[in-house]
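Novice: Numbers in my numbering are just positions in the sequence shown, counted from 1, shifted up by 203.
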Amino acid sequence: MKRAVALGAVCTAVALTLSACGSGTSAKSAPSGNPLYDKLPKSVQDAGTLKIGGSATIAPYLYQTGSKVVGFEKDLMDALGKELGVKIQFSDTGFPALVPGLQSRKIDVAMGDFTDTKERQQAVTFVDYTTGYQTLFVQKGNPKKLRSTDDLCGTSLAAAVGSLSAQLAERANTKCKDAGKQGVKVLQLEDAAAAMIQMRTKRADAMLIDFVIGRHLARTSQYGDVAGDPFYQQFHGAAVRKDNGELRDALVAAFKEIIRNGSYGKILKKWDMQKLAMSAPIVNAAKS
204 MKRAVALGAV CTAVALTLSA CGSGTSAKSA PSGNPLYDKL PKSVQDAGTL KIGGSATIAP
264 YLYQTGSKVV GFEKDLMDAL GKELGVKIQF SDTGFPALVP GLQSRKIDVA MGDFTDTKER
324 QQAVTFVDYT TGYQTLFVQK GNPKKLRSTD DLCGTSLAAA VGSLSAQLAE RANTKCKDAG
384 KQGVKVLQLE DAAAAMIQMR TKRADAMLID FVIGRHLART SQYGDVAGDP FYQQFHGAAV
444 RKDNGELRDA LVAAFKEIIR NGSYGKILKK WDMQKLAMSA PIVNAAKS
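1) How long is the line joining the alpha carbons of Gly344 and Ala421, rounded to whole angstroms?
2) Hey, quick one: how far does the beta strand (DSSP E) through Pro484 stretch, first residue to last?
3) Which ranges does the alpha helix (DSSP H) cover as unbroken runs of at least 4 residues, wholly within the stretch 333-413, from first to last along the chain?
4) For Tyr426, which of helix, strand or coil comes out of DSSP?
5) Under the three-state reduction of DSSP, which class applies to Lys445: helix, strand or coil?
6) Would a C-beta distance cut-off of 7 Å place Ala457 and Leu239 closer than the cut-off?
7) Any heavy atom of the ligand HEM closer than 6 Å to the Cβ of Ala398?
8) Give the DSSP-derived three-state secondary structure of Gln267 in the structure shown.
9) Have a look at Gly386 and Thr377 and give me their C-alpha separation to the nearest angstrom.
10) Within 8 Å, do at least three Cβ pairs link the stretch 461-470 to the stretch 256-270?
11) Considering only residues of the same chain and omitting the five flanking positions on each side of Leu349, which have a CB-CB separation below 8 Å?
12) For the candidate residues Leu390, Ala375 and Val389, whose alpha-carbon lies nearest to that of Gly383?
13) Rounded to whole angstroms, what's the CA-CA distance from Thr320 to Glu276? Just pull it up for me.
14) Compare the beta carbon distance of Gly335 and Asp394 with 7 Å and say whether it is the shorter of the two.
15) Note down, one range per segment and in chain order, each alpha helix (DSSP H) of at least 4 residues found wholly within the stretch 283-328.
16) By Cβ distance below 6 Å, which residues in the same chain neighbour Arg444 in space, the five residues on each side in sequence not counted?
17) Could you check the C-alpha separation between Thr328 and Ala313 for me, to the nearest Å?
18) Return the chain-ordered list of same chain residues with a C-beta closer than 6 Å to the C-beta of Leu283, the five sequence neighbours on each side being excluded.
19) Which first and last residues belong to the beta strand (DSSP E) in which Gly256 is found?
20) Since I believe Gln337 is in contact with Tyr435 (beta carbons under 8 Å), could you give me their beta-carbon distance rounded to a whole number of angstroms?
21) Can you give me the C-alpha to C-alpha distance between Gly297 and Lys254, rounded to a whole angstrom?
22) Which of the three DSSP states is assigned to Pro433 in this structure?
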């Protein structure tokens, strides 16, 4: 009898051990309530975190209040993390480090007023989730009487290096010179915050800037105004490595879900960005 009991105990112990091993394997399956978890790459599942890089200098998209990162994009990141069943680990990489950070695998996603362009699509894949426009942000009172990019010849423009604004400023410079006019002096700075300093100190006449950012600055600063009509439609996206199709598809599914369940709309309304809404995410929407 004792032998039978002992043998039973051994069998039970073995069964428990096997069960424990089995549960260890199943721990990688979707957490309760997060069916999109299984769409994530194994590397993200193993880490339990999604590493997102961005530049926290661009209110109201992504910026710092004290030691806390806030903004429209931060709220979106948190909503995505909830749907995917992982924690979001945000790093303030600065704008120029976004693509290198993806390629070196220091971050999984680049996000935060990151404009999709055909040129950038050569290096990364975008999952686009909002539209947008550019605008002219000029000195208070618009002393140069700037209304459109046709008025920029002979002016100085500040822009973050590598940004869409910098690209458009260089195009304006080329257009002026091709027309036999004085070119545009393009001041390319480390990030948007540094570019804004050029405006505050009046070293720059204007900035070509995302409309939402320009509107926010006009409302909150004493040194500039939005001038003319918005132009150049664009798309903002979450960028991933071109070889990371699993994460691309997981993000597409997560954006579809937050649009469906209404959290996307609530976040847009909170930040007064309803006009940027898209009915569904699009992969590489930019055509120029």
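Glycine included, every Cβ here is placed at the ideal spot set by N, Cα and C.
Specialist: Inspection of the coordinates gives the following:
1) Residue numbering aside, residue 344 sits at position 141 when the sequence shown is read from its first letter. Residue numbering aside, residue 421 sits at position 218 when the sequence shown is read from its first letter. Each residue's alpha carbon lies about 11 Å from the other.
2) Within the sequence shown, residue 484 is the residue found at index 281, counting from 1. Ala480 to Val486 is the span of the beta strand (DSSP E), which, as asked, contains Pro484.
3) 367-381 and 395-403
4) Walking along the sequence shown from the start, residue 426 turns up at place 223. Looking at Tyr426 - three-state DSSP - the assignment turns out to be coil, as it is neither helix nor strand.
5) Start at 1 with the first residue of the sequence shown, and residue 445 comes out as number 242. Three-state result, Lys445: coil.
6) Walking along the sequence shown from the start, residue 457 turns up at place 254. Walking along the sequence shown from the start, residue 239 turns up at place 36. Yes, these two residues count as a Cβ contact at 7 Å.
7) In the structure shown, the ligand HEM is absent, as is every other ligand, since no ligand is present at all.
8) Taking the first residue of the sequence shown as position 1, residue 267 is located at position 64. In the structure shown, Gln267 sits in a strand (DSSP, three-state: E or B).
9) Start at 1 with the first residue of the sequence shown, and residue 386 comes out as number 183. Start at 1 with the first residue of the sequence shown, and residue 377 comes out as number 174. Cα-Cα distance, rounded: 7 Å.
10) no
11) For the purposes of this step, residue 349 is taken as the residue at position 146 of the sequence shown. If we look at Leu349 and ignore the five residues flanking it on each side, its Cβ neighbours are Leu339, Val341, Leu355, Thr358, Asp408, Ala409, Ala430 and Gly431.
12) Here residue 383 corresponds to residue number 180 of the sequence shown, with the count starting at 1. Selected option, being the one with the closest Cα: Ala375.
13) On the sequence shown, position 117 is the one that residue 320 refers to. On the sequence shown, position 73 is the one that residue 276 refers to. Approximately 19 Å, taken between the alpha carbons.
14) Residue mapping note: residue 335 aligns to position 132 of the sequence shown, counting from 1. Residue mapping note: residue 394 aligns to position 191 of the sequence shown, counting from 1. In this structure, Asp394 does not lie closer than 7 Å to Gly335 by Cβ.
15) 301-306 and 321-324
16) Position 241 of the sequence shown holds residue 444. These residues qualify, in order along the chain: Leu305.
17) The count along the sequence shown starts at 1 and reaches residue 328 at position 125. The count along the sequence shown starts at 1 and reaches residue 313 at position 110. Looking at the two C-alpha atoms, the distance is approximately 10 Å.
18) Here residue 283 refers to the residue found at position 80 of the sequence shown. Here the set comprises Ala457.
19) Taking the sequence shown and counting its residues from 1, one reaches residue 256 at position 53. Start and end: Thr252 to Gly257.
20) As a position in the sequence shown, residue 435 is number 232, starting the count at 1. As a position in the sequence shown, residue 337 is number 134, starting the count at 1. Tyr435 to Gln337, Cβ: 4 Å. Contact.
21) Position 94 of the sequence shown, counted from the start, is the residue given in the question as residue 297. Position 51 of the sequence shown, counted from the start, is the residue given in the question as residue 254. Spanning the two alpha carbons is a distance of roughly 14 Å.
22) Taking the sequence shown and counting its residues from 1, one reaches residue 433 at position 230. Three-state DSSP puts Pro433 in a strand.
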